[in-house]
Amino acid sequence: MAKHVAVLYGGWSAEREVSLATGRACCKALEEQGYKVTPIDVQPDIATVLQATAPDVVFNALHGRVGEDGTIQGLLEILRIPYTHSGVLASALAMQKDKAKVVMAAAGVPVPKGVVVNRLEAAKSHVLPAPYVIKPVCEGSSVGVIIVRENRSHPPQELLRGDWAFGEQVLVESYVAGRELTCAVMGDRALGVIDIRPATGVFYDYDAKYVKGGSIHVLPAEIKPNIYQKVQELALTAHQALGCRGISRADLRYDDTPGGTGELVVLEVNTQPGMTETSLVPEIAAHAGYSFGELVQWMVEDATCNR
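In terms of the working numbering, the sequence shown opens at residue 39 and continues consecutively.
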């Protein structure tokens, strides 16, 4: 009898729409692989719904808070339902960008210099010399990210908005010029490296990530072989240092600009990377020989408790 897979998606985080797209794509692919699939748009009654549904495995297609920060993982551990992606600790740690940086740095992974401050403080005066980046401590998908350029005389005033929804604490980091690179890890193996080039603008923002044609993906990245290998090594080291399981994706910056620093840093590790038609991980997996169906099947077969 085919495994019964409940796909958790939607929810109420700032990344709900992306999660819905991921969930729909994964439901379709899992059905095509022969699984019995129950899609569940996650609401606060999720424990009751899961007990009534009684799946063999949960495919976690949630993004953002609750789905990605250890909360849903803890619930699934209590219910003893095997699930995909990382466990409680790795999920919570990777989502808390400042704490994740400490752990990665301790494992020898280079990370950008930065400081956590209250958003009102970051709006009052430049916390770091420009250029720098301001990002929420606990969001993904480039939600709430602001780049402060060299020629900006005052700090970003949007931090003072009454409808700012990304928490009171922000992470302020030195801006690393050059390329945006990303590398997926599948189990204990680093896969290919993509060089992400925004089709418009200079920043891989939410639209560049999720709007068709928003970015150009160069796979394999056109960088020196030793740098390519180094990116893979750093992605795997970061994955292991944070205790990630299943699939993760590390985002990096590499300054190969003329006269640049040559700096290579890991910005963050995504424990719930997007799985939409424009997403990076399915593209990287395809380059490694896995169809989208084979990728989601691998994730289901990898699912366990005690992750």
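Think of the CB as a built atom: it goes at the ideal place given N, C-alpha and C, for glycine as much as any other residue.
- Annotation: Val223 to Val319 spans about 9 Å, alpha carbon to alpha carbon.
- For Leu117, the CB contacts under 8 Å within the same chain, skipping 5 residues up- and downstream, are Ala85, Leu88, Gln89 in chain order.
- Note on geometry: alpha-carbon atoms of Ala59 and Thr314 lie some 6 Å from one another.
- Nearest in C-alpha terms to Pro148, of all of Glu53, Val154, Ala138, is Ala138.
- The DSSP assignment places 227-236, 253-256, 285-292 as complete runs of the beta strand (DSSP E) inside the region 221-298, in order along the chain (cut-off: 3 residues).
- By the CB criterion at 8 Å, Arg187 and Pro169 fall inside the cutoff.
- In this structure, Pro193 sits away from Ala215, with a CB-CB distance that is not shorter than 8 Å.
- Using a Cβ distance threshold of 8 Å, Cys343 and Pro167 do not count as a contacting pair.
- In the DSSP assignment, Leu302 falls within the unbroken beta strand (DSSP E) covering 302-308.
- Under the DSSP assignment, Leu318 falls in the alpha helix (DSSP H) whose first and last residues are 318-325.
- Nearest Cα to Phe97 within the set Asp107, Ser253, Arg199, Leu68: Leu68.
- Under the three-state reduction of DSSP output, Glu206 falls in the coil class, being neither helix nor strand.
- With a beta-carbon spacing of about 5 Å, Ala132 and Val307 fall inside the 8 Å limit used to define contacts.
- Cβ atoms of Arg283 and Gly125 come within 8 Å of each other, at about 6 Å.
- It is roughly 24 Å from the alpha-carbon of Asp226 to the alpha-carbon of Val45.
- Residue range 74-79 is occupied by the beta strand (DSSP E) that includes Asp79.
- Under the three-state reduction of DSSP, Lys173 is assigned to strand.
- Cα atoms of Val95 and Glu106: separation of roughly 17 Å, rounded to the nearest angstrom.
- In this structure, Met337 places its C-beta atom within 8 Å of the C-beta atom of Thr122.
- For Phe97, the pairing in a beta bridge is given by DSSP as Val45.
- Where Gly331 is concerned, the enclosing alpha helix (DSSP H) starts and stops at 330-340.
- According to DSSP, Gly152 shares a beta bridge with Glu211.
- In the DSSP annotation of this structure, the continuous segment of the beta strand (DSSP E) that includes Val186 starts and ends at 184-186.
- Under the three-state reduction of DSSP output, Leu219 falls in the strand class.
- A residue is called buried when at least 16 other Cβ atoms come within 10 angstroms of its Cβ; Ser129 meets this threshold and is buried.
- Ala203 is not a Cβ neighbour of Ala341, given a cutoff of 8 Å.
- Pairing Cys65 with Val56 gives a Cβ-Cβ distance that is not under 8 Å.
- Boundaries of the alpha helix (DSSP H) harbouring Leu117: 109-117, taken from the DSSP string.
- Residues of the same chain with a CB within less than 6 Å of the CB of Gly331, apart from the 5 flanking positions on each side, are Ala67, Glu70, Gln71 in chain order.
- Rounded to the nearest whole angstrom, the C-alpha separation of Asp201 and Gln207 is 15 Å.
- In the DSSP assignment, Ser57 falls within the unbroken alpha helix (DSSP H) covering 54-70.
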